[in-house]
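Per the working numbering, residue 469 is the first one in the sequence shown, and the count goes up by one each step.
The structure appears right after this line, and notes come after that.
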Amino acid sequence: MPSVIVYGGRGALGAAAVSLFKQRSWRVISIDFSANPDADANVTVPPASAAQSLSEQGLHVIQGVESALGGSKTDAILCVAGGWQGGNAASNKFLDSADASIKQSVNSSLIAANIAAHHLRPNGLLAFTGAVPALDGGTPAMVGYGMAKAAVHHLVASLALPKSGVDSARVVAILPVTLDTPANRAAMPAADHSSWTPLSEVAEMLFRWSSGQTPCESGKLYKVITAEGATRFE
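Next comes the structure, spelled out in structure tokens:
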């Protein structure tokens with residue numbers, strides 16, 4: 469049975485991925501602050517209040533993954549952990565929001581890469597989550613978030629090169645604009661939802677890449693564009 473690790477498996481996109489892969493008869497391991505009951509195995513990350521260092525959290529997660537895998541390799545690792553944080557350099561909580569973005573996006577991505585180096589099958593999929601605004605220019609209203617996502621983009625480029633430690637993997641990132649989640653609908657009820665990307669569309673493409681049904685280019689940052697209800701990855 470093929471298997472997948474979903475880092476952020478309790479979030480909106482992560483839960484959608486867990487559900488879809490389970491429907492397709494994959495074994496699913498979820499990593500998050502709380503367990504996903506739909507997953508076959510869960511690795512629970514200590515809360516931010518535990519004040520673990522990156523190395524401490526990484527060791528905890530990797531030991532949990534090793535136990536869940538039982539000596540086998542996995543076919544795909546999907547790092548969809550993260551969350552939006554706003555704030556410019558003058559914001560009262562600027563450093564707090566920047567710190568949160570780094571922990572949510574960069575730290576989780578680094579740990580996922582470390583897992584892949586030791587537990588991903590050759591030619592397996594290693595997918596991260598970036599952001600379109602961090603591709604070009606600056607992000608003045610969300611400095612920490614943009615910086616963290618730019619770091620994820622750099623990580624993808626680095627890991628796709630020879631001697632990266634995971635150069636036998638297919639390494640990509642998805643860059644959604646706005647995902648159609650309950651939280652986003654509650655925050656922006658008057659927005660044009662036809663340009664928002666359904667979670668099912670992203671989960672489906674991640675599955676198709678993981679299973680090899682649709683080819684992907686290692687090192688590519690895939691923009692996820694939805695217009696008039698149609699979604700494309702480019």
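From the three backbone atoms N, C-alpha and C, an ideal C-beta is built for every residue, glycine too.
Item	Value
What do you get for Gly592, buried or exposed, if any count of 16 or more other CB atoms within 10 angstroms of its CB means buried?	buried
Considering only the alpha carbon of each residue, which of Ser632, Ala628, Arg653 lies closest to Ala641?	Ala628
Can you tell me which of the three DSSP states Phe675 falls into?	helix
DSSP beta-bridge partners for Val639?	Leu594
Do three or more CB pairs link the region 637-652 to the region 470-484 at distances below 8 Å?	yes
Name the one or two DSSP bridge partners that Phe562 has.	Answer is none; Phe562 lacks a bridge partner.
Does the distance from the CB of Glu672 to the CB of Tyr690 come in under 8 Å?	no
Judging by CA-CA distance, which residue of Ala698, Pro608, Ser521, Val639 is the nearest neighbour of His661?	Ala698
Nearest by alpha-carbon distance to Ile693: which of Phe562, Ser663, Arg676 is it?	Ser663
Using 8 Å for Cβ pairs, my map puts Ser686 next to Arg638. What's the rounded Cβ distance?	5 Å
As a quick exercise: from Leu546, Thr607, Leu578, Leu588, pick the residue whose alpha carbon is nearest that of Val670.	Leu546
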